[in-house]
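**Student:** There's a structure below that I have some questions on.
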Amino acid sequence: MQKEIMRYLPTTRKELRGLGWDRPDIILVTGDAYIDSPYIGVAVIGRVLADAGYRVGIIAQPDISGEDIQRLGEPKLFWGISGGCIDSMVANRTASGIRRKSDDYTPGGLNNRRPDRAVLAYSNLIRRHFKNTVPLVLGGIEASLRRIAHYDCWDNAVRRSILFDAKADYLLYGMAERAVVELAGCLKNGQNPHRIRGLCYIGSTQVEGYHCLPAFEEVKDDKQAFTRMFTLFYANNDPVGATGLCQRHANRYLVQNPPQSCPSSAELDHIYELDYQLDVHPFYAGFGQVKALETIRFSITTHRGCYGECNFCAIAVHQGRTISSRSQKSIVREAVKLTSHPAFKGMIHDVGGPTANMYGFECTKKLRKGPCPDKRCIFPQICNNMPVNHGRQLRLLDELRALPGVKKIVVSSGIRYDMILADRENGLNYLRKLIRYHVSGQLKVAPEHCVNSVLACMGKPGSESLLKFRELFNRLTKKEGLKQFLTYYIIAAHPGCRLQDMRDLKKFASRELKLIPRQVQIFTPTPSTWSTLMYWTGKNPFTDTSCFVEKKVQGKEKQKKALVGTSARKKSASRPNRGRHKQHILTKKKDRR
Numbered sequence: 044m045q046k047e048i049m050r051y052l053p054t055t056r057k058e059l060r061g062l063g064w065d066r067p068d069i070i071l072v073t074g075d076a077y078i079d080s081p082y083i084g085v086a087v088i089g090r091v092l093a094d095a096g097y098r099v100g101i102i103a104q105p106d107i108s109g110e111d112i113q114r115l116g117e118p119k120l121f122w123g124i125s126g127g128c129i130d131s132m133v134a135n136r137t138a139s140g141i142r143r144k145s146d147d148y149t150p151g152g153l154n155n156r157r158p159d160r161a162v163l164a165y166s167n168l169i170r171r172h173f174k175n176t177v178p179l180v181l182g183g184i185e186a187s188l189r190r191i192a193h194y195d196c197w198d199n200a201v202r203r204s205i206l207f208d209a210k211a212d213y214l215l216y217g218m219a220e221r222a223v224v225e226l227a228g229c230l231k232n233g234q235n236p237h238r239i240r241g242l243c244y245i246g247s248t249q250v251e252g253y254h255c256l257p258a259f260e261e262v263k264d265d266k267q268a269f270t271r272m273f274t275l276f277y278a279n280n281d282p283v284g285a286t287g288l289c290q291r292h293a294n295r296y297l298v299q300n301p302p303q304s305c306p307s308s309a310e311l312d313h314i315y316e317l318d319y320q321l322d323v324h325p326f327y328a329g330f331g332q333v334k335a336l337e338t339i340r341f342s343i344t345t346h347r348g349c350y351g352e353c354n355f356c357a358i359a360v361h362q363g364r365t366i367s368s369r370s371q372k373s374i375v376r377e378a379v380k381l382t383s384h385p386a387f388k389g390m391i392h393d394v395g396g397p398t399a400n401m402y403g404f405e406c407t408k409k410l411r412k413g414p415c416p417d418k419r420c421i422f423p424q425i426c427n428n429m430p431v432n433h434g435r436q437l438r439l440l441d442e443l444r445a446l447p448g449v450k451k452i453v454v455s456s457g458i459r460y461d462m463i464l465a466d467r468e469n470g471l472n473y474l475r476k477l478i479r480y481h482v483s484g485q486l487k488v489a490p491e492h493c494v495n496s497v498l499a500c501m502g503k504p505g506s507e508s509l510l511k512f513r514e515l516f517n518r519l520t521k522k523e524g525l526k527q528f529l530t531y532y533i534i535a536a537h538p539g540c541r542l543q544d545m546r547d548l549k550k551f552a553s554r555e556l557k558l559i560p561r562q563v564q565i566f567t568p569t570p571s572t573w574s575t576l577m578y579w580t581g582k583n584p585f586t587d588t589s590c591f592v593e594k595k596v597q598g599k600e601k602q603k604k605a606l607v608g609t610s611a612r613k614k615s616a617s618r619p620n621r622g623r624h625k626q627h628i629l630t631k632k633k634d635r636r
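The working numbering numbers the first residue of the sequence shown as 44 and each following residue consecutively.
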């Protein structure tokens, strides 16, 4: 077997024979092409399991109409099933329900390899070809956000936990590196895995001491019960102080154990320094280029988690509300490794995480006691207990810029401009160096809207901080003698947003921003977010008041056109949908398990 293929986890029989394996211990099945990168969830899980001594194979984008799933035989311990870096319904369909033509995670770019509801499709595929097989274990963003009863906008109905619909044995939610190694150990040694943190399973009875969520049969028709369910679910999503959950589905129970504790810096360092090849596996590369590789190959993850808690974003539920940062030494070692890659041209495309400037600091009270039950870290204002300080990130960027072979480092992950303004010690210097060294023409910010009532529904700060930041950015950019601009991300048709609000936004943008934003997406109600709860119930759960929701496709399109006009729609159609990349932090800034 060719040497370059052996550096990857095996994906064909030929590779198994070359390694001297009869069959893998674990086979991972994914809706993405196999890109061996720390930004790709399945690649990370595979590398972590291999590092723990298990034989791991990967079947990427199997043909659901044929026998492709039999390519590696049957694993000894379990099948690991993921829809990919992005929920397959979000990857396949626009907010208006139109089938997407392109897929950045498919070789050749044509969206013809990822089935709708990929986790269910792959589970059924395995059951069809392997009767009475070893356990099926669900993971990744699609399973993680659908682990309890959830509203599904494509069905416009509340669906059961995906664990029941997939007829799977276990589900690992959130960042699952530690949990998947524990599960593999239990299955290898014949032990019961039911106490593993971060694990869901189906039980016949409630678990003593666990909270009991309203039953599926109750929440599927009762929106008040659904709100109580989601509120209790969200309150027990942080590892510090969380209690396990049970939810009855007919005569059985979904059991969700408390989350795994946040990874330490040492654990993150080890995970991100495993032997990733930063390329598409040769078997899949033969089918064409994978566009996602362009942005993730030479990018570096500095941390996980986000305490921004934007109501429309899934990161708080999937990665958590607590920041876990890597050490500066580990990040620098990864950068040095990038410079030795034969395809590296001197540019590191990103140094960041879900929100780049959350690296390196956290609320000490939250680390001890968990998130406050009655307030958020930075909304509606930044909490006095949050020690916002960009000093550690400044030192990191300074060291990275000094590395031989590095010509340019771009911070392309999102930044919170309100946090820059709040940092009186290092905020100004951080922005100055960001402008001088780390912006490639445009700095992307995400105000999402300007109308206060809509921003309140989104969990976003008011437009006053945006205008202060814009003035500061323009002044510092002019001082540096550079031609750089701010690019604004906007959401149309979010719960609470009416057509008149979009018209007011257009006036605000023209008057204050001196431009009309073109990066506009229509809100997509993805499972397990507060905004989706508002969309389904028509109520703001934080105020217990009615909330206007535009549910007609024509009405959503009108809201978007009210800002960008009819001519911009065709231009924006070829651009990657930002809603998809919001989940793919869930890989890059845009993880991903």
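Virtual Cβ for every residue (Gly too), placed ideally from N, Cα, C. Note that the structure is a prediction, hence the values are computed from the model and not measured.
For leucine 115 and isoleucine 69, which I take to be in contact (beta-carbon distance under 8 Å), what is that distance rounded to the nearest angstrom?
**Tutor:** That belief does not hold up - the Cβ atoms of leucine 115 and isoleucine 69 are roughly 10 Å apart, past 8 Å.
**Student:** For methionine 577, count neighbouring C-beta atoms within 10 Å of its own C-beta (all shown protein chains included) and say buried if the count is 16 or more, exposed if not.
**Tutor:** Buried, since its Cβ has 16 or more Cβ neighbours within 10 Å.
**Student:** Counting Cβ pairs closer than 8 Å, one from the region 370-385 and one from the region 418-426, do we hit at least three?
**Tutor:** Verdict: no, contact absent.
**Student:** Is glycine 539 closer than 7 Å to alanine 489 when the C-beta atoms are compared?
**Tutor:** No, Cβ-Cβ distance for alanine 489 and glycine 539 is not below 7 Å.
**Student:** Take every Cβ of the region 562-570, pair it with every Cβ of the region 547-554, and state whether three or more of those distances are shorter than 8 Å.
**Tutor:** They do not touch, by the three-pair rule.
**Student:** Taking 8 Å as the threshold, find out whether the region 278-293 comes into contact with the region 318-328 through three or more Cβ pairs.
**Tutor:** The region 278-293, when compared against the region 318-328, does not touch it at the 8 Å Cβ threshold.
**Student:** Does the distance from the CB of threonine 270 to the CB of threonine 580 come in under 7 Å?
**Tutor:** Cβ distance < 7 Å, so threonine 270 and threonine 580 count as in contact.
**Student:** If you follow the beta strand (DSSP E) that serine 342 is part of, which residue opens it and which one closes it?
**Tutor:** Counting along the chain, the beta strand (DSSP E) containing serine 342 begins and ends at 342-344.
**Student:** Check the DSSP bridge columns for asparagine 583 and list the partner residues they point to.
**Tutor:** DSSP lists Thr588 as partners of asparagine 583.
**Student:** Near glutamate 523, what residues of its chain come up, given a Cβ to Cβ distance below 7 Å and the 5 sequence neighbours on each side ignored?
**Tutor:** Cβ neighbours of glutamate 523 beyond the five flanking positions: Ile478 and Arg479.
**Student:** Below 7 Å between beta carbons: does that hold for aspartate 461 and proline 504?
**Tutor:** The answer is yes: Cβ separation under 7 Å.
**Student:** Starting from valine 298 and walking both ways along the alpha helix (DSSP H), at which residues does that stretch end?
**Tutor:** Unbroken run through valine 298 is the beta strand (DSSP E), 295-299; no alpha helix (DSSP H).
**Student:** Which residues bound the beta strand (DSSP E) around leucine 202?
**Tutor:** Note on residue identity: the sequence assigns arginine, not leucine, to residue 202. 200-202 is the extent of the beta strand (DSSP E) around arginine 202.
**Student:** Classify methionine 132 as helix, strand or coil using the three-state DSSP reduction.
**Tutor:** Here methionine 132 sits in helix by DSSP.
**Student:** Tell me whether asparagine 235 is buried or exposed, calling it buried when 16 or more other Cβ atoms sit within 10 Å of its Cβ.
**Tutor:** Classification of asparagine 235: exposed, given that the 10 Å Cβ count is below 16.
**Student:** Check the DSSP bridge columns for lysine 526 and list the partner residues they point to.
**Tutor:** In the DSSP output, where bridge partners are listed per residue, lysine 526 has none listed.
**Student:** Report the residue ranges of all beta strand (DSSP E) runs contained in full by the region 138-218; include only those spanning at least 3 residues, in chain order.
**Tutor:** Those beta strand (DSSP E) runs which fall completely within the region 138-218 and span 3+ residues are 179-181, 193-195, 200-202 and 213-215.
**Student:** Closer than 8 Å by C-beta to alanine 465: which residues in its own chain qualify, once you throw out the five before and the five after it? Chain order, please.
**Tutor:** Ile425 and Val431, listed in sequence order.
**Student:** Which same chain residues, not among the five before or five after tryptophan 122, have their C-beta less than 6 Å away from its C-beta?
**Tutor:** Ile70, Ile169 and Leu179.
**Student:** How many whole angstroms separate the CB atoms of proline 67 and glycine 100, which I take to be in contact at a CB cut-off of 8 Å?
**Tutor:** Yes, proline 67 and glycine 100 are in contact; Cβ-Cβ is about 4 Å, under 8 Å.
**Student:** Please state whether DSSP places glycine 61 in a helix, a strand or coil.
**Tutor:** Residue state, collapsed to three classes: helix.
**Student:** With DSSP run on the structure shown, which of helix, strand or coil describes methionine 390?
**Tutor:** It is a strand residue.
**Student:** Taking its Cβ as the centre, do 16 or more other Cβ atoms sit within 10 Å of leucine 509, making it buried, or is it exposed?
**Tutor:** Classification for leucine 509: buried.
**Student:** Thinking C-beta only, is phenylalanine 566 closer than 7 Å to isoleucine 640?
**Tutor:** Because the chain spans 44 through 636 in this model, residue 640 falls outside it and cannot be assessed.
**Student:** Say whether the region 175-190 touches the region 146-153, bearing in mind that this needs 3 or more beta-carbon pairs closer than 8 Å, one atom from each stretch.
**Tutor:** Touching, no, given that fewer than three Cβ pairs across the two stretches are closer than 8 Å.
**Student:** Using three-state DSSP, classify threonine 54 as helix, strand or coil.
**Tutor:** Three-state DSSP puts threonine 54 in coil, outside helix and strand.
**Student:** Pull up the DSSP beta-bridge partners for tyrosine 327, would you.
**Tutor:** According to DSSP, which records beta bridges pairwise, tyrosine 327 is partnered with nothing at all.
**Student:** Are alanine 138 and arginine 157 closer than 7 Å when you measure CB to CB?
**Tutor:** No, the Cβ-Cβ distance between alanine 138 and arginine 157 is not below 7 Å.
**Student:** What number of angstroms, rounded off, separates the C-alpha of serine 240 from the C-alpha of leucine 214?
**Tutor:** Checking the sequence, you will find arginine at residue 240 rather than serine. Whole-angstrom Cα-Cα distance: 11 Å.
**Student:** Less than 7 Å between the beta carbons of isoleucine 184 and histidine 361, yes or no?
**Tutor:** Result yes, Cβ atoms of isoleucine 184 and histidine 361 sit closer than 7 Å.
**Student:** Would leucine 163 pass as a contact of alanine 209 if the rule is Cβ separation under 7 Å?
**Tutor:** Yes, the Cβ-Cβ distance between leucine 163 and alanine 209 is below 7 Å.
**Student:** Closer than 8 Å is the cut-off here; do at least three beta carbon pairs connect the region 442-459 with the region 375-393?
**Tutor:** Yes: the two stretches touch, three or more of their Cβ pairs being nearer than 8 Å.
**Student:** Taking 7 Å as the CB-CB cut-off, is alanine 535 touching chain C?
**Tutor:** Included in the structure is just one protein chain, with no chain C present.
**Student:** Based on the DSSP secondary-structure assignment, which residues constitute the bridge partners of histidine 292?
**Tutor:** For histidine 292, which the question treats as bridged, DSSP gives the partners Arg295.
**Student:** The ligand SAH and lysine 557: does any heavy atom of the ligand fall closer than 6 Å to the residue's C-beta?
**Tutor:** The model depicted lacks the ligand SAH and carries no ligand whatsoever.
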